[in-house]
Every structure is written in structure tokens, then in C-alpha cells.
Amino acid sequence: MPRYTAPTDPSVPAASPVYRSAARLAFSIMDAQRWAFDVRGFDHLPTSGGAVIAANHIGFWDFFTVGRPGYERLGRPVRILAKDTLFELPVFGSVMHRAGHIPVHRAAGSGALSSAVEALQAGEIVLVLPEQTVSPAFELLPFKSGAARMAAAAGVPLIPAASWGSHRFNTVKRSPSWSWRLPVSVSYGAPLRPRPHDDPDDVTDELRAHVRDLADDLVTSYPDGTPAGAWWVPERFGGGAPSPEQGDEYVNRIRRTRFGRRVS
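Here the sequence shown is numbered in numbering that gives the first Met the number 0, starting from 0 and rising by one per residue.
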């Protein structure tokens, strides 16, 4: 992929210096391992104007893999909605703030929604992972309705997306593992166009169905296949990942804690 070039359209918000530096570091880690990207449905990304991208969550690099194509090909950075605890981390939290990403506070989600709508109306792309956490089963968890709500409120398209492969490098319950020539697939679907009077739960159900279809297609067409018993392949496809029930148990346990500290 070509390196970042600032958009020529003055209506398209450009990436800040901090954003460009952070993206360069993340992409350099991918490139050093010679990851092989397969990007599908790229024409669904808008060249200008606000949009919400909602993707599956399989590992710690989803934001980078889903956000990279539009950033490098169109010069369009993404504003990430991420849990507020990430913004509290030393160094990393400061980078998140200065790069313009949006913290989501569990007790005050309306603030993040308002910030996201403001960014969308200013012509930016907001990237959301509606599951909010990763299941070691690598199956979709229930979606929160925030992506549908902000797209409807801002009057912008809601783009389903999915990625597959980067979890083999770094995901829950596993340390990062150098992954030479790792195939990484990213797919964008046709945008939904929710309206303010639409039921956000119905829109979210439709969104989840589209993301599931995109993700399943990536799994079944993945260059390395679905090896029987492989830890990174869902049980449904003959892999060795935990069952969805075991994945749900792990997620529920994690959600009751906050970076290892019990939440009352």
C-alpha cells in the first residue's frame, strides 16, 4: 500500500502529526513482518464526508487493520471510539488523546456519542467496534447500538466491516507472536443509511448480520484456510478456539473487572 498522503480536498480533515506518527509505527510493525493484505469492498469507503465504520473485534490490531486502507489510499484518518481506561495508560493514553480519538466512559456514554456526532458532522470517519471486547472464541458478541445511533443522529452512512488474520499476531489470552508473511483480510460492505426515526436496535441487528456475513466470508476464503484444531480458527469451522459458551464465560468475567481490578 502507498504511504499516507494528505487529502487534496480541503473539506476532508487531515491526520494530525501525532496520528501520523502513531500510524507509521503501527504500520511499520506490520510491514516488518511482511503482512499480506487482501482488501475487499474498498469502494464502499467515502472519499469525503462523515461516516461510521463498524467492525468485528478479534484482536488488539483491529483498529489498525480496518483503518489502514482508507488512511493510506484516501488520506482519511479514523477517529476511534475506545474505552476510557485506555486513555489513562501512561504514554499510550496521551497519544490517544493527542491523536483525536474519543474515550467512552461506561457511566457516561452520552458524552462519547455527542463527541462522535460532532466529529461526523465535521466530515470525519469514526471507527467503532460494537462488541467492545474480544471473545477468545473469535465469534461475534452482541453489538451495542451506539454506532447506529451516531450514524442516524449525524445523517451519515454506517459501513459494516470485518477483518481476519491479525489476531494470530496479538489477541486475548496470548502474547504477541512474530507472524512472518501473515495473511490479513479486510472487507467493507455496502453502507446502511439509518434515519433518526429508525429503531436503533433494529439497525444494529441488521448491521451485525452484515458484519457476520463479511467475517464468515473472510474465514472461509482465508489463504491459510481453516486448519483443524488451530487455536485461531473458530470451533464452528473445525478449529481449536474455545466454544462460544466458553468465550462468553471469559468475556463476562473480564467485564466484571477493569484491568484486573474488581469493579463494584
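Here a beta-carbon is modelled for each residue, glycine too, at the ideal position from N, C-alpha and C.
Collapsing the DSSP output to three states places Ala22 in a helix. Sequence-distant Cβ neighbours of Ser47 in its own chain, meaning closer than 7 angstroms and more than five residues away, are Asp8, Ser10, Val11, Gly122. In the displayed model, Leu73 falls within a helix according to three-state DSSP.
Nearest to Pro243 by alpha-carbon distance, out of Gly145, Arg255, Glu138, Ala22, is Glu138. Asp201: member of the alpha helix (DSSP H) spanning 199 to 219, first to last residue. Cβ atoms of Trp34 and Val183 come within 8 angstroms of each other, at about 5 angstroms.
Taking the CA atoms as reference points, Asp30 sits about 42 angstroms from Asp197. The Cβ-Cβ distance between Gln120 and Gly49 falls below 9 angstroms.
Membership of Arg97 in any beta strand (DSSP E) is not indicated; the residue belongs instead to the alpha helix (DSSP H) covering 91 to 97. With respect to Tyr187, His43 sits close: the two C-beta atoms are nearer than 9 angstroms. DSSP, read as helix, strand or coil, puts Thr64 in helix.
If you ignore the 5 residues before and after Ser220, its C-beta comes within less than 7 angstroms of no other C-beta in its own chain. Looking from the CA of Leu217, the closest CA among Ile28, Ala54, Gln131 belongs to Ala54. In this structure, DSSP gives Leu119 a helical state, which the three-state scheme calls helix.
Between Phe86 and Pro76 the beta-carbon gap is near 17 angstroms, outside 8 angstroms, which marks them as no contact. Counting along the chain, Val250 sits inside the alpha helix (DSSP H) bounded by residues 243 to 254. Taking all protein chains shown into account, Ala22 has 16 or more neighbouring C-beta atoms within 10 Å of its C-beta and is therefore buried. Assigned with DSSP and collapsed to three states, Ser184 falls in strand. Of the residues assessed, Ala115 falls on the buried side of the cut-off, its CB having 16 or more other CB atoms within 10 angstroms. Judged by DSSP in its simplified three-state form, Ala53 adopts strand.
Inclusion of Pro190 and Leu213 in the CB contact set at 9 angstroms is not warranted, their separation being larger than that value. Its chain contains Val17 as the residues whose beta carbon lies nearer than 6 angstroms to that of Arg97, once the 5 sequence neighbours on both sides are disregarded; these appear in chain order.
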